[in-house]
Every structure is written in C-alpha cells, then in structure tokens.
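S.K.: Numbered according to our numbering, the sequence shown spans residues 48 to 329.
By construction, the Cβ of each residue, glycine as well, lies at the ideal position given by its N, Cα and C atoms.
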Amino acid sequence: MKIQKLPGLFGAEVSDIDLKDPLTADDLAELQAAFVEHQILIFHNQQIEPKHQLAFSKHFGPVQKLYAEEHRIPDCPEVVVLSNEQVDGKHIGVVAAGDYWHSDLSPSKTPGLATILYGRILPSQGGDTEFADMFTAYDTLSDAMKERITTLRGIHCISKLRNHRVEVTRPGGTAYYKKQNSIPDECHPLVRTHPVSGRKGLYLSPRFTIGIENMDDAEAQPLLDELFAHQIKPEHVYLHKWQVDDLVMWDNRSVNHRACGGYEMGDIRRIHRTSTLGDVPF
Ligand SMILES: [Fe+2]
C-alpha cells in the first residue's frame with residue numbers, strides 16, 4: 048500500500064490496495080492514521096460491492112443507516128444510493144444531496160465522523176465534490192478572531208426551511224424539511240478540537256449553522272457570514288473530479304464539503320454512500 052499526499056494543503060491518494068480484501072492490521076493502522084492526518088483519502092480503480100464498502104467503513108466508526116429505506120441497498124441497508132436515476136417514474140436514490148457547504152450530520156448530538164463515497168456511474172459533465180480544510184481555515188484566522196470565537200457555540204439546524212442561506216432543491220423537499228422543523232437544534236463549539244490529533248478546526252457551515260448560542264442575530268449573522276466566507280477561500284479548497292470506481296472518504300471533524308451539481312437530470316450519476324458516527328464535539 049502506498050499513500051501519496053496531494054500537491055495542495057490536504058488530501059492523499061492511496062494506491063496498491065484492493066478494498067475487496069480484508070485489511071492487514073498494519074495497513075489498517077496506517078490508513079486510520081493517514082485519515083486523520085490527510086483528512087481526505089482517495090482510492091482509484093476499486094471494483095467493490097456494497098458489502099465490501101460496508102466492511103471497510105466499519106473500521107472508521109459505527110456505520111449509520113441514513114435516509115428512507117427505498118434509497119438504501121436492499122441487502123446492505125447501511126449503503127445509501129445517491130442518484131438521479133428513476134425507475135417507473137420513481138427516484139431510486141437521494142437526489143441533489145449536499146448542495147451547500149456542510150459537515151455531515153452536524154445537527155446531531157454526535158455528528159458524522161467518516162463519510163465514504165464510491166462512484167459507480169458518473170455524468171458526462173459536472174458532479175464534482177468540493178472539500179474545504181477546516182484546520183487551515185482556523186489556523187489562518189487573525190488572533191483577534193480566534194480570541195473572539197474561542198468559547199462561542201454555533202446553533203446547528205437540520206431543516207432547510209429555518210435557514211435563510213439555503214434553498215430547497217430536492218424534488219419533494221419542502222414536505223421533507225417541514226417534518227424536520229420539529230427536530231431540536233444542537234449547539235457545538237465553533238472551534239472544535241480533533242479528538243485524535245488535538246488540532247483545532249472551525250466547526251460550522253452555511254447549510255446547518257443558523258445562529259450563535261446566547262448572541263443576538265444582529266451580531267451573530269455578520270460574524271457567521273465572515274467565517275463562512277473565510278472557510279471557503281480558494282486556498283482552503285480541494286475540488287475532486289470523479290472517475291468511475293473512485294472511493295473517496297473524508298473526516299467530517301476537520302473537513303467541510305459540498306456537491307457541486309452541474310449535470311442534467313437525465314445524465315446519470317450514481318454514488319454509494321456510507322457514513323460513520325463520531326463523538327460529541329468539544
Ligand atoms: Fe454531505
């Protein structure tokens with residue numbers, strides 16, 4: 048197995064490994080360390096079935112079942128289909144997921160740890176995924192800003208309908224998000240300490256963070272706007288252009304991401320997703 052850092056700030060490519068095979072103890076330890084250090088790991092040319100993706104994902108935390116049953120692989124329900132494919136007029140997967148910058152499941156008490164995507168079918172154009180390095184985004188704040196936000200906590204809200212920065216784009220989305228309006232918000236520190244490395248990173252996003260605990264919006268919203276703009280400065284961002292059979296995984300404790308879209312409804316994109324559960328942010 049070879050691990051090669053990408054030329055930019057973060058991310059690494061892993062080669063000479065077949066994810067169909069069980070990992071050796073040495074490879075697993077190396078991958079787990081590389082995952083924390085590089086934040087994104089990219090494996091090209093993997094020919095794997097959902098059961099292989101699930102077995103691999105379990106090495107990076109408890110795997111969660113997400114989304115409605117009809118969007119999961121029947122005999123492997125931890126694997127969710129992200130797709131614009133339709134069969135008999137019905138969408139077989141989740142359409143237009145993750146179209147605003149976010150960290151997965153941040154409105155939960157214990158948000159997402161690893162997200163693992165496997166590219167099965169790709170559109171003729173678009174469909175890229177962008178990632179932003181939240182360690183560097185924190186490191187490059189002014190000392191005054193670091194001081195200002197050091198004890199603040201962001202309010203994370205799951206429903207798009209209570210967030211003025213986003214729009215509902217998914218078919219049937221408004222009814223879906225209406226049901227989520229009653230789910231309580233969660234507060235997490237704006238500055239999150241990585242539980243493994245101890246590094247500090249920014250932990251907030253325009254998709255989920257709608258305010259700051261115990262702060263009036265007159266003060267909180269401009270502060271959030273400033274931090275959101277800083278997070279995605281071009282020098283903090285890596286754009287992944289997918290190849291068929293890529294498996295890409297990232298650490299939601301130190302990375303924000305978004306789906307770039309840019310493909311037509313009939314231009315099929317199918318990704319298999321697994322997600323693992325992390326701990327309470329501190
Ligand atoms: Fe996501």
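#1: Going by the beta-carbon positions, is the gap between Gly201 and His235 smaller than 7 angstroms?
#2: To test your reading of the DSSP string, which unbroken alpha helix (DSSP H) runs of 4 or more residues are found completely within the segment 170 to 212?
#3: Given a cut-off of 7 angstroms on the beta-carbon distance, is the pair Val215 and Lys207 in contact?
#4: Near Val141, which residues of its chain fall below 6 angstroms by C-beta distance, leaving aside the five closest residues on each side in sequence?
#5: Are the CB atoms of Cys204 and Asp232 within a distance shorter than 7 angstroms?
#6: Run through DSSP, which three-state label would Leu324 get?
#7: What's the call for Ile230, buried or exposed, on a 16-neighbour Cβ count within 10 Å?
#8: Which residues mark the beginning and the end of the alpha helix (DSSP H) in which Ser153 is found?
#9: Roughly how many angstroms separate the alpha carbons of Arg311 and His283, rounded to a whole number?
#10: Looking at the unbroken beta strand (DSSP E) that takes in Asp298, where does it start and where does it end?
#11: Name the DSSP bridge partner or partners of Glu233?
#12: Skipping 5 residues on each side, what residues in its chain have a beta carbon closer than 6 angstroms to that of Asp293?
M.R.: So, to answer that:
#1: yes
#2: 181 to 186, 190 to 196
#3: yes
#4: Tyr114, His118, Leu129
#5: yes
#6: strand
#7: exposed
#8: First-last for Ser153: undefined, no H or E at that position.
#9: Checking the sequence, you will find Glu at residue 311 rather than Arg. Computed Cα separation, rounded: 28 angstroms.
#10: 294 to 298
#11: His203
#12: His91, Gly166
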